[in-house]
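Notes follow the structure.
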Amino acid sequence: MDTTGKNIREASLPEITTFLTAHGEKAFRAKQIWQWIWQRGVTTFEEMSNLSKTTRELLAAHYYFDSLTIHRTQTATDGTTKTAWRLHDGEIIESVLIPGNQKFTVCVSSQVGCKLGCKFCATGTLGFKRNLSPGEIFEQVIAARKSAEAQGISLSNIVFMGMGEPLLNYENVLQAIERLTAEDGLAMSPYRITVSTAGIPDKIRQLADDGVRFNLAVSLHAAKETTRTALMPVNKAYPLKDIAESLKYFVGKTGTRPTFEYLLLKDINDSLEDAKALALYCRQFPIKINLIEYNPVEGSGFRHSPDKHRDEFVKYLEGCNMVVHVRHSKGQDIDAACGQLAGRPATP
Ligand code: SF4
Numbered sequence: 041m042d043t044t045g046k047n048i049r050e051a052s053l054p055e056i057t058t059f060l061t062a063h064g065e066k067a068f069r070a071k072q073i074w075q076w077i078w079q080r081g082v083t084t085f086e087e088m089s090n091l092s093k094t095t096r097e098l099l100a101a102h103y104y105f106d107s108l109t110i111h112r113t114q115t116a117t118d119g120t121t122k123t124a125w126r127l128h129d130g131e132i133i134e135s136v137l138i139p140g141n142q143k144f145t146v147c148v149s150s151q152v153g154c155k156l157g158c159k160f161c162a163t164g165t166l167g168f169k170r171n172l173s174p175g176e177i178f179e180q181v182i183a184a185r186k187s188a189e190a191q192g193i194s195l196s197n198i199v200f201m202g203m204g205e206p207l208l209n210y211e212n213v214l215q216a217i218e219r220l221t222a223e224d225g226l227a228m229s230p231y232r233i234t235v236s237t238a239g240i241p242d243k244i245r246q247l248a249d250d251g252v253r254f255n256l257a258v259s260l261h262a263a264k265e266t267t268r269t270a271l272m273p274v275n276k277a278y279p280l281k282d283i284a285e286s287l288k289y290f291v292g293k294t295g296t297r298p299t300f301e302y303l304l305l306k307d308i309n310d311s312l313e314d315a316k317a318l319a320l321y322c323r324q325f326p327i328k329i330n331l332i333e334y335n336p337v338e339g340s341g342f343r344h345s346p347d348k349h350r351d352e353f354v355k356y357l358e359g360c361n362m363v364v365h366v367r368h369s370k371g372q373d374i375d376a377a378c379g380q381l382a383g384r385p386a387t388p
């Protein structure tokens with residue numbers, strides 16, 4: 041891919057307007073180009089069919105798209121589709137299109153790899169390579185939307201639960217969401233977007249200060265300090281009490297109810313004692329709890345929690361009047377479920 045010039049998806053509308061007029065083009069063409077990029081989701085200048093060939097060539101000489109190409113696609117028996125994308129610099133990321141009741145949800149990546157190294161997560165074993173650009177994030181959604189629409193169903197939800205920690209790529213993730221939700225972008229509802237974080241307190245506060253309207257999910261996975269640190273090394277830097285303080289701030293400022301994601305792991309965090317610790321922790325703010333059934337990652341050493349443990353866990357929390365949902369991860373047979381995205385190089 042030719043990446044000379046500037047990434048067009050990092051150019052503002054005024055910047056494109058100035059560029060065009062400086063090259064003797066009409067200013068209104070900028071709006072057309074903007075629509076092609078952010079409403080139609082094109083990834084080449086050739087697709088901008090209402091521009092002259094000369095204008096398209098002018099753009100191509102000064103700008104480029106950091107677009108994605110399909111490296112591999114796999115579809116699971118439950119209809120979940122995982123796509124491995126090759127980025128312009130050769131790196132691989134993955135996104136997952138998950139079918140629901142007459143709707144689709146896309147799970148997108150925000151980074152190549154991840155530096156947080158959660159013990160149950162395949163991405164965490166890769167280390168961190170780089171942040172994704174707003175355009176690279178946006179394009180995962182565009183591709184999912186096209187794929188969903190080709191099946192006659194609309195894409196209704198976006199979750200930032202793929203590879204990477206979204207809040208450690210704060211600016212780019214928020215810029216992508218701005219383009220996904222803007223009237224002159226994809227005009228999707230922010231209430232159908234969920235950003236999931238391992239819990240970075242200062243960034244959670246920043247979200248509140250920035251007045252975000254999307255949903256916030258925190259991957260909690262344990263409400264006991266020692267257990268959480270063993271599962272998520274990031275807990276050493278940002279312990280549970282700091283996350284709680286930032287969530288109180290977030291809830292107070294946004295008036296929303298975040299979600300805790302809690303992966304049930306046999307004999308690690310699925311006892312009645314663990315449920316009690318969780319209920320106690322959750323008393324500090326309004327919260328919903330998603331209990332996720334674990335899909336074993338090869339060599340991880342973690343096991344699926346037995347149904348009996350899960351049922352007792354749920355019963356205890358519900359007895360404390362907590363809002364609890366049990367989630368069954370989809371796409372297990374293609375390593376597309378929670379914690380299984382690894383962007384493994386593969387033969388296309
Ligand atoms: S669970 Fe999320 S934050 Fe943790 S290593 Fe995996 S991608 Fe990173």
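At position 309 of the sequence shown (counting the first as 1) the number is 349 in our numbering, and the numbers step up by one without a gap. Cβ coordinates follow ideal geometry from the N, Cα and C atoms, glycine included.
Secondary structure at A238: coil, using DSSP grouped into helix, strand and coil.
Assigned with DSSP and collapsed to three states, N209 falls in helix. Of all alpha-carbon atoms in M203, K66, R268, P139, the one lying nearest the alpha-carbon of D314 is that of R268. With respect to the C-alpha of A184, the residue from I198, F105, L172, Q142 having the closest C-alpha is I198. Note that the C-beta distance between I332 and R367 is below 8 Å.
Inclusion of T123 and F105 in the CB contact set at 8 Å is not warranted, their separation being larger than that value. The continuous alpha helix (DSSP H) containing G175 extends over residues 174 to 190. With respect to the 8 Å criterion, K306 and S345 are classified as neighbours on the basis of their beta carbons. Here the alpha carbon of G64 sits roughly 11 Å from the alpha carbon of L98.
For A317, the enclosing alpha helix (DSSP H) begins and ends at 312 to 322. Taking the Cβ of L287 as the reference point, every heavy atom of the ligand SF4 lies at 7 Å or farther away. Looking at the DSSP output, C147 shares a beta bridge with V136, V199. Note that the C-beta distance between L318 and A284 is not below 8 Å.
S286 and Y103 have their alpha carbons spaced roughly 40 Å apart. Remark: the shortest separation between the CB of G204 and any heavy atom of the ligand SF4 falls under 7 Å. Setting aside the 5 residues that flank it on each side, R253 is surrounded in the same chain by P230, each with a C-beta closer than 6 Å to its C-beta; the list follows chain order. Not one heavy atom of the ligand SF4 lies closer than 7 Å to the C-beta of C322. The criterion of a C-beta distance shorter than 8 Å is not satisfied by E134 and G81. Within a 10 Å sphere around the beta-carbon of D310 sit 16 or more other beta-carbons, which makes this residue buried.
The three-state secondary structure of V354, taken from DSSP, is helix. Taken in chain order, the complete beta strand (DSSP E) segments of 3 residues or longer contained in the stretch 239 to 275 are 255 to 259.
Here the alpha carbons of S150 and G295 stand approximately 26 Å from one another. Exclusion of the five residues before and after H111 leaves A124, W125, R126, I132, P388 as the residues of its chain whose Cβ lies within less than 7 Å of its Cβ. Collapsing the DSSP output to three states places E301 in a strand. Of the residues W76, Q246, G45, the one whose Cα lies closest to the Cα of L53 is W76. Look at I77 here: in three-state DSSP terms it is helix.
Between the alpha carbons of F353 and L312 lies a distance of about 6 Å.
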